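Novice: One structure follows; several queries about it will come next.
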């Protein structure tokens with residue numbers, strides 16, 4: 001009898017453990033994407049646009065921290081296609097990152113299923129195609145990671161949540177832009193600016209893109225998805241309260257306008273506290289001789305009257321103004337992010353730096369007949385075999401060499417090397433990276449798979 005009771009007790013514990021394991025698995029989100037070329041005219045000129053399920057921008061991925069994302073992508077283009085999930089850290093599994101260093105592209109007419117987890121992250125990100133200048137043809141969309149219900153968020157739930165993709169745009173096809181670069185030419189001045197795939201004329205004839213109920217507060221997620229220019233965004237007659245920058249809650253300062261640099265995403269709160277009528281979101285290029293401008297209309301529910309034709313101007317300051325604005329962004333040390341503990345509970349300043357790497361970029365030049373940038377004397381090229389695959393199968397020495405560049409750049413490099421540029425790191429090292437830009441334009445860096453906050 002005692003033995004039988006022990007067996008029953010063991011079986012019950014095993015059964016309950018199984019239930020616990022099943023229930024503890026994080027939820028899954030499934031999407032199927034059909035990727036095609038579609039003829040659209042964002043700037044009034046018909047051109048070939050990459051659409052996902054017939055839409056541009058593509059479908060939103062609205063998920064919660066720790067969700068598992070499964071996306072089956074069917075490539076109906078006439079060339080290989082690869083998507084990356086910009087800003088997602090790919091914890092413990094970088095095989096789904098979607099760059100040529102980790103993944104092979106999806107061949108034309110084939111499909112591939114991406115599987116990844118948004119582990120211990122919250123915030124605003126976007127996905128986009130990474131091969132063959134495809135990003136110049138669209139194919140991008142929102143990836144928003146929300147906090148779990150038990151995690152406090154440092155602001156009230158907004159009435160609605162809007163994605164605003166801003167960026168410069170070319171009427172030339174992405175094929176033509178690639179040919180320019182491959183022939184040693186630079187990308188010329190963009191032809192315009194678009195907001196969510198459309199160019200607003202600001203003359204009162206555009207249909208409203210967003211609506212607001214008087215007295216309510218809304219979250220706008222601004223992302224610069226362009227190719228070349230920083231973009232300043234502002235909302236006619238309204239201030240913007242910055243609450244999140246790429247996965248970090250910020251000190252909630254108010255801004256009349258924000259400079260959003262290439263690849264960046266900001267979240268702001270906007271309260272509908274003005275006279276009920278139409279207002280413009282204005283997006284314009286920064287640091288350019290001729291300013292390119294686009295608008296999108298916000299309509300107050302029940303409001304009457306068009307938006308004022310007088311658009312708010314971008315700041316007149318130069319790069320220094322933009323840098324100083326960025327320096328005003330501060331980490332909210334008392335707010336929780338993906339976990340219950342505050343963002344400031346881990347004191348990074350007390351960690352000893354084990355390695356300092358200085359990366360220097362020079363102006364683009366024609367090297368080997370193509371337009372190339374150089375970092376510490378090396379211009380990177382992607383090998384036919386992804387770097388991780390080469391390493392995994394033990395053939396890395398046939399595909400690339402580690403550490404072609406040192407931690408400090410060499411002086412007076414006259415003949416840059418064209419090769420895969422791979423830096424070997426040590427697990428759990430705390431690395432300081434110094435970026436030095438010798439170009440005449442603002443450069444944006446993305447450290448794929450890592451979170452960081454600029455300190456100087």
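Residue numbers (the UniProt record's numbering): 1 to 456.
All residues carry an ideal CB built from backbone N, CA and C; glycine is no exception.
Predicted model, so just to flag it, every value in this text is computed and none were measured.
1. From 292, 350, 194, pick the residue whose C-alpha is nearest to that of residue 41; which is it?
2. Should residue 404 and residue 375 be called a contact, given that it needs their Cβ atoms to be closer than 8 Å?
3. Since residue 440 sits in a beta bridge, which residues does DSSP pair it with?
4. Quick one: Cα of residue 275 to Cα of residue 298, how far?
5. What is the C-beta distance between residue 138 and residue 32, in whole angstroms, given that I count them as a contact (C-beta under 8 Å)?
6. Does the region 331–340 touch the region 352–370, meaning 3 or more C-beta pairs lie closer than 8 Å?
7. Straight-line CA distance for residue 175 to residue 133?
8. Which parts of the region 365–397 are runs of the beta strand (DSSP E), unbroken and 3 residues or longer, counting only runs that do not cross its ends?
9. Grab me the residues of residue 252's own chain with a C-beta within less than 6 Å of its C-beta, minus the 5 sequence neighbours each way, in chain order.
10. Could you spell out where the alpha helix (DSSP H) holding residue 179 opens and where it closes?
11. Is residue 85 closer than 8 Å to residue 142 when the C-beta atoms are compared?
12. Would you call the region 273–289 and the region 196–216 in contact, with 3 or more CB pairs under 8 Å?
13. What three-state label does DSSP hand residue 137 in the structure shown?
14. Nearest CA to the CA of residue 357: which residue from 407, 318, 90?
15. Leaving out five residues before and five after residue 200 in sequence, what residues of the same chain have Cβ atoms less than 6 Å from its Cβ?
16. Beta-carbon separation of residue 123 and residue 247 under 8 Å?
17. Run through the UniProt domain "Plastocyanin-like" (161–301) for me and flag every whole alpha helix (DSSP H) of 4 or more residues, listed as ranges in chain order.
18. Going by beta carbon distance, what residues of the same chain come within less than 8 Å of residue 309, once the five residues before and after it are set aside?
19. Between 236, 160, 418, 34, which lies nearest to residue 306 when the distance is taken from Cα to Cα?
20. What residue does the beta strand (DSSP E) around residue 74 start on, and which one ends it?
21. Could you pull out every residue in the same chain whose Cβ sits closer than 8 Å to the Cβ of residue 196, ignoring the five residues on either side in sequence?
22. In the DSSP assignment, find the unbroken beta strand (DSSP E) run with residue 325 in it and report its ends.
23. Straight-line CA distance for residue 79 to residue 25?
24. In angstroms, rounded to a whole number, what distance separates the CA positions of residue 111 and residue 430?
25. Given that a residue counts as buried once 16 or more other Cβ atoms are within 10 Å of its Cβ, and exposed if not, what is residue 392?
26. Are residue 168 and residue 228 close, meaning C-beta to C-beta below 8 Å?
27. Give the list of continuous alpha helix (DSSP H) stretches no shorter than 4 residues that lie fully inside the UniProt domain "Plastocyanin-like" (35–148).
28. Would you kindly work out how many angstroms separate the C-alpha atoms of residue 315 and residue 131, rounded to a whole number?
29. Kindly identify the DSSP beta-bridge partner or partners of residue 25.
30. Rounding to the nearest angstrom, what Cα-Cα distance links residue 454 and residue 66 in this structure?
Specialist: Quick answer:
1. As a first step, residue 41 is located in the chain shown; it is residue number 41 there, counting from the start. Nearest C-alpha to residue 41: 194.
2. In the chain shown, residue 404 corresponds to position 404, counting from 1. In the chain shown, residue 375 corresponds to position 375, counting from 1. In this structure, residue 375 does not lie closer than 8 Å to residue 404 by Cβ.
3. If you number the chain shown from 1, residue 440 lands on position 440. Answer by DSSP bridge pairing: none, since residue 440 is not bridged.
4. As a first step, residue 275 is located in the chain shown; it is residue number 275 there, counting from the start. As a first step, residue 298 is located in the chain shown; it is residue number 298 there, counting from the start. Straight-line Cα distance between these residues: approximately 12 Å.
5. Walking along the chain shown from the start, residue 138 turns up at place 138. Walking along the chain shown from the start, residue 32 turns up at place 32. So it is not a contact: roughly 19 Å between Cβ atoms.
6. no
7. Locating residue 175 in the chain shown gives position 175, where the first residue counts as 1. Locating residue 133 in the chain shown gives position 133, where the first residue counts as 1. So the two alpha carbons sit approximately 7 Å from each other.
8. 370–375
9. As a position in the chain shown, residue 252 is number 252, starting the count at 1. Result list for residue 252: 241, 243, in chain order.
10. As a working note, residue 179 is residue 179 in the chain shown. It spans 174–182 - the alpha helix (DSSP H) in which residue 179 sits, taken as one unbroken run.
11. Looking up residue 142 in the chain shown gives position 142. Looking up residue 85 in the chain shown gives position 85. Cβ distance not < 8 Å, so residue 142 and residue 85 don't count as in contact.
12. yes
13. Taking the chain shown and counting its residues from 1, the one referred to as residue 137 is at position 137. Note: residue 137 maps to helix in three-state DSSP.
14. One-based indexing of the chain shown puts residue 357 at position 357. Answer by Cα proximity: 407.
15. One-based indexing of the chain shown puts residue 200 at position 200. If we look at residue 200 and ignore the five residues flanking it on each side, its Cβ neighbours are 206, 294, 295, 296.
16. Locating residue 123 in the chain shown gives position 123, counting from the first residue. Locating residue 247 in the chain shown gives position 247, counting from the first residue. Yes, Cβ-Cβ distance for residue 123 and residue 247 is below 8 Å.
17. 174–182
18. As a first step, residue 309 is located in the chain shown; it is residue number 309 there, counting from the start. These residues qualify, in order along the chain: 202, 203, 204.
19. In the chain shown, counting from the first residue as 1, residue 306 sits at position 306. Residue 306 has its Cα closest to that of 236, out of 236, 160, 418, 34.
20. The count along the chain shown starts at 1 and reaches residue 74 at position 74. Unbroken beta strand (DSSP E) run through residue 74: 68–75.
21. Locating residue 196 in the chain shown gives position 196, counting from the first residue. So the list reads 57, 163, 164, 165, 209, 296, once near-sequence residues are dropped.
22. Start at 1 with the first residue of the chain shown, and residue 325 comes out as number 325. Taken as a continuous stretch (DSSP letters only), residue 325 belongs to no beta strand (DSSP E), being part of the alpha helix (DSSP H) at 319–327.
23. The residue you call residue 79 lines up with position 79 of the chain shown. The residue you call residue 25 lines up with position 25 of the chain shown. Distance between the alpha carbons of residue 79 and residue 25 is about 37 Å.
24. As a working note, residue 111 is residue 111 in the chain shown. As a working note, residue 430 is residue 430 in the chain shown. Roughly 39 Å between the two C-alpha positions.
25. Your numbering for residue 392 matches position 392 in the chain shown. Exposed: under 16 other Cβ atoms inside 10 Å.
26. Taking the chain shown and counting its residues from 1, the one referred to as residue 168 is at position 168. Taking the chain shown and counting its residues from 1, the one referred to as residue 228 is at position 228. Yes, they are a contact pair.
27. none
28. Mapped onto the chain shown, residue 315 falls at position 315. Mapped onto the chain shown, residue 131 falls at position 131. Approximately 35 Å, taken between the alpha carbons.
29. By 1-based counting over the chain shown, the position of residue 25 is 25. DSSP output for residue 25 lists no bridge partner at all.
30. One-based indexing of the chain shown puts residue 454 at position 454. One-based indexing of the chain shown puts residue 66 at position 66. Each residue's alpha carbon lies about 25 Å from the other.
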